[in-house]
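Colleague: Quick one: structure below, then a few questions.
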Amino acid sequence: MPFRQRVARHFGDTLSPEKSYLSYYDVLLTVEDVKALKHDWLTDNNIAFWEEYLERETLSRYPQAHIVLLRPSMTFLLMKEPDSRLVRAALPDFNRVTHVFLPINDNRNVGVAEGGSHWSLLLVSVIDGLAFHYDSLGGANYAEANFATRKLAEMLGRPFRFINLEDCPQQENGSDCGVFVCLLMRHLLVKRLLSANAREKVSMSMAGKMVDSHGGRKEMLRIIENLRKEGERRRSATRHGSAAAFEQFIRDIEAGRLRVQPCKSSVKITVTARPQRAPSEPKPPASPRVQRKRELPGVKKHPTAREKKVRMMRSRVAKVVRSKRAAKAAAKSKGKPAARPRPKPKPGSRKASRTATGAAAKKASTKQTEGKPASTRSSSKRTPFMAFTRVETRSQKRARLS
């Protein structure tokens, strides 16, 4: 019998309620449950937590699987409740279920909480009509597992053949039965049922398998600690977020962005946003410091990224133009001969036809601009700096001159 029950037998209900350690979905682990997981018999909450963890972390990734991990309390209700209608209302729907895992306890007294002294595992294959019993202490729970099989058969309306697997791994002490149940449950679920093909037959025997109960306890404790730290981190983030929002709220009030109007009861406050100024309403005068800053001649507006890019391109083009002009002037001052003229194209060639077409176009454009005033004529000298024109293709030029 666990130490807590022995103390409760002397003090009754005067003891303070147990302190909660971890709340994981529908399971609440207490400090006593965690202590029992370290070096004692596993409680109902320990096994219920392990089943909840397998459902959330493993079964949720297989939506096509219809497997039920029945909690220890539901198994006890199935075995001890005579009214089948109450049991059907409490148990899940077994219409499409293929396999059911039931942790079996040898507690025969309904009035004793967390009674019994041994755990075993019952795996019922609904589609095959078989019930496999895994007992790490020989056949200690043979009668209880056989009775649970008959009760489930009555509930589902179909018979099951009970098989007690004698090749189940055996425990070496008197307190690891619950750990064996948890580890065997995970192995059968992950390695046998979820990883097997639907058409192939799977052996449910555990012959030759070794169970590390000490490593299993450490793994379960590590999972609990990681979940507890994750929950504390989320709660801390929520508290810090609320504190940051409150600090921002105070800063908005101090800056005048929000107005606080106390009610008559002086208990409740109403926060209203500052109304926007109408467009026709004149702007308030700037402070003397801002006015002096505006009047300073050296204060200029910072250019945008686009303006900086345009300035850089213009400076590059101006630099190239200046270098070309300087080279041309230096060549003239030294008396270097002019560049050799290009050779004239042969008559009848394609290049000659293009040259003739260009000369005709130039002559036509000259005639068009003869009667116009000088201000409207197009001249290369009057083209402003950085004035880009549209380039005309050959086909467009032929279409225009034809």
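Residue numbers (my numbering): 379 to 780.
Think of the CB as a built atom: it goes at the ideal place given N, C-alpha and C, for glycine as much as any other residue.
In whole angstroms, what separates the C-alpha of residue 408 from that of residue 422?
Modeller: Here residue 408 corresponds to residue number 30 of the sequence shown, with the count starting at 1. Here residue 422 corresponds to residue number 44 of the sequence shown, with the count starting at 1. Computed Cα separation, rounded: 11 Å.
Colleague: Assign residue 481 to buried or exposed, taking buried as 16 or more other Cβ atoms, counted over all protein chains shown, within 10 Å of its Cβ.
Modeller: The sequence position of residue 481 within the sequence shown is 103, counting from 1. Residue 481 is buried by the Cβ-count criterion.
Colleague: Do residue 456 and residue 530 have their beta-carbon atoms positioned less than 8 Å apart in this structure?
Modeller: Taking the first residue of the sequence shown as 1, we reach residue 530 at position 152. Taking the first residue of the sequence shown as 1, we reach residue 456 at position 78. It is a contact, given that the beta carbons lie within the stated cut-off.
Colleague: Specify the secondary structure class of residue 780 as computed by DSSP and reduced to three states.
Modeller: Working through the sequence shown from its first residue, we reach residue 780 at position 402. Correct three-state label for residue 780: coil.
Colleague: Looking at the secondary structure, which residues open and close the beta strand (DSSP E) in which residue 510 lies?
Modeller: Here residue 510 refers to the residue found at position 132 of the sequence shown. Here the beta strand (DSSP E) through residue 510 covers 508–512.
Colleague: For residue 771, count neighbouring C-beta atoms within 10 Å of its own C-beta (all shown protein chains included) and say buried if the count is 16 or more, exposed if not.
Modeller: As a position in the sequence shown, residue 771 is number 393, starting the count at 1. Looking at its Cβ environment, which holds fewer than 16 other Cβ atoms inside 10 Å, residue 771 is exposed.
Colleague: What separation, rounded to the nearest whole angstrom, lies between the Cα atoms of residue 591 and residue 554?
Modeller: In the sequence shown, the residue the question calls residue 591 occupies position 213. In the sequence shown, the residue the question calls residue 554 occupies position 176. Answer to the nearest angstrom: the Cα atoms are 7 Å apart.
Colleague: Quick one: using the 10 Å Cβ neighbour count with 16 as the cut-off for buried, is residue 616 buried or exposed?
Modeller: Position 238 of the sequence shown, counting from 1, holds the residue named residue 616. Exposed: under 16 other Cβ atoms inside 10 Å.
Colleague: For the segment 419–439 and the segment 490–504, state whether three or more C-beta atom pairs, one from each stretch, are separated by less than 8 Å.
Modeller: Contact holds: three or more Cβ-Cβ distances are below 8 Å.
Colleague: Kindly indicate which residue of 490, 484 and 539 has the alpha-carbon position closest to the one of residue 513.
Modeller: Your numbering for residue 513 matches position 135 in the sequence shown. Ranking 490, 484 and 539 by Cα distance to residue 513 puts 484 first.
Colleague: Any chance you could list the beta strand (DSSP E) runs of at least 3 consecutive residues sitting entirely within the segment 485–539, in chain order?
Modeller: Within the segment 485–539, the complete beta strand (DSSP E) runs of at least 3 residues are 497–503 and 508–512.
Colleague: Three or more C-beta pairs closer than 8 Å, one from the segment 593–601 and one from the segment 625–633: is that the case here?
Modeller: Touching, no, given that fewer than three Cβ pairs across the two stretches are closer than 8 Å.
Colleague: Apart from the five residues just before and just after residue 545, which ones in its own chain have a Cβ nearer than 7 Å to its Cβ?
Modeller: In the sequence shown, residue 545 corresponds to position 167, counting from 1. If we look at residue 545 and ignore the five residues flanking it on each side, its Cβ neighbours are 583, 584 and 585.
Colleague: Given this structure, state the Cα-to-Cα distance separating residue 547 from residue 588, to the nearest angstrom.
Modeller: On the sequence shown, position 169 is the one that residue 547 refers to. On the sequence shown, position 210 is the one that residue 588 refers to. One C-alpha to the other measures close to 6 Å.
Colleague: Would you mind working out which of 604, 570 and 516 sits nearest residue 551, comparing C-alpha positions?
Modeller: Working through the sequence shown from its first residue, we reach residue 551 at position 173. Here the closest residue by C-alpha is 516.
Colleague: Spell out the partners DSSP gives residue 456 in its beta bridges.
Modeller: The residue given as residue 456 occupies position 78 in the sequence shown. None, per the DSSP bridge assignment.
Colleague: Taking 8 Å as the cut-off, decide whether the C-beta atoms of residue 426 and residue 405 are in contact.
Modeller: Residue numbering aside, residue 426 sits at position 48 when the sequence shown is read from its first letter. Residue numbering aside, residue 405 sits at position 27 when the sequence shown is read from its first letter. Yes, the Cβ-Cβ distance between residue 426 and residue 405 is below 8 Å.
Colleague: Span of the alpha helix (DSSP H) holding residue 693?
Modeller: Taking the sequence shown and counting its residues from 1, one reaches residue 693 at position 315. It spans 683–712 - the alpha helix (DSSP H) in which residue 693 sits, taken as one unbroken run.
Colleague: Taking Cβ to Cβ, would you say residue 571 is nearer than 8 Å to residue 445?
Modeller: Counting from 1 along the sequence shown, the entry for residue 571 is found at position 193. Counting from 1 along the sequence shown, the entry for residue 445 is found at position 67. In contact: residue 571 and residue 445 (Cβ atoms closer than 8 Å).
Colleague: Nearest to residue 450 by alpha carbon, out of 438, 460 and 469?
Modeller: Locating residue 450 in the sequence shown gives position 72, counting from the first residue. Checked all of 438, 460 and 469; the closest Cα to residue 450 is 469.
Colleague: Could you check whether residue 508 and residue 463 sit closer than 8 Å to each other, using their CB atoms as the reference points?
Modeller: The residue given as residue 463 occupies position 85 in the sequence shown. The residue given as residue 508 occupies position 130 in the sequence shown. Not in contact: residue 463 and residue 508 (Cβ atoms no closer than 8 Å).
Colleague: Looking at the unbroken alpha helix (DSSP H) that takes in residue 462, where does it start and where does it end?
Modeller: Working through the sequence shown from its first residue, we reach residue 462 at position 84. Unbroken alpha helix (DSSP H) run through residue 462: 462–468.
Colleague: Around the C-beta of residue 465, are 16 or more other C-beta atoms found within 10 angstroms, so that it is buried, or is it exposed?
Modeller: As a first step, residue 465 is located in the sequence shown; it is residue number 87 there, counting from the start. Burial call: buried.
Colleague: Note down, in chain order, each residue of its chain lying with its Cβ closer than 6 Å to the Cβ of residue 459, except the 5 sequence neighbours on either side.
Modeller: Locating residue 459 in the sequence shown gives position 81, where the first residue counts as 1. Excluding positions up to five away in sequence, the list reads 465.
Colleague: Can you tell which of 486, 477, 488 and 489 has the C-alpha that lies nearest to the C-alpha of residue 510?
Modeller: Residue numbering aside, residue 510 sits at position 132 when the sequence shown is read from its first letter. Among 486, 477, 488 and 489, the Cα nearest to that of residue 510 belongs to 477.
Colleague: Just to confirm, is the Cβ distance from residue 527 to residue 502 under 8 Å?
Modeller: If you number the sequence shown from 1, residue 527 lands on position 149. If you number the sequence shown from 1, residue 502 lands on position 124. Yes. Within cutoff.
Colleague: What is the rounded straight-line gap between the Cα of residue 435 and the Cα of residue 506?
Modeller: For the purposes of this step, residue 435 is taken as the residue at position 57 of the sequence shown. For the purposes of this step, residue 506 is taken as the residue at position 128 of the sequence shown. Roughly 27 Å separates the two Cα atoms.
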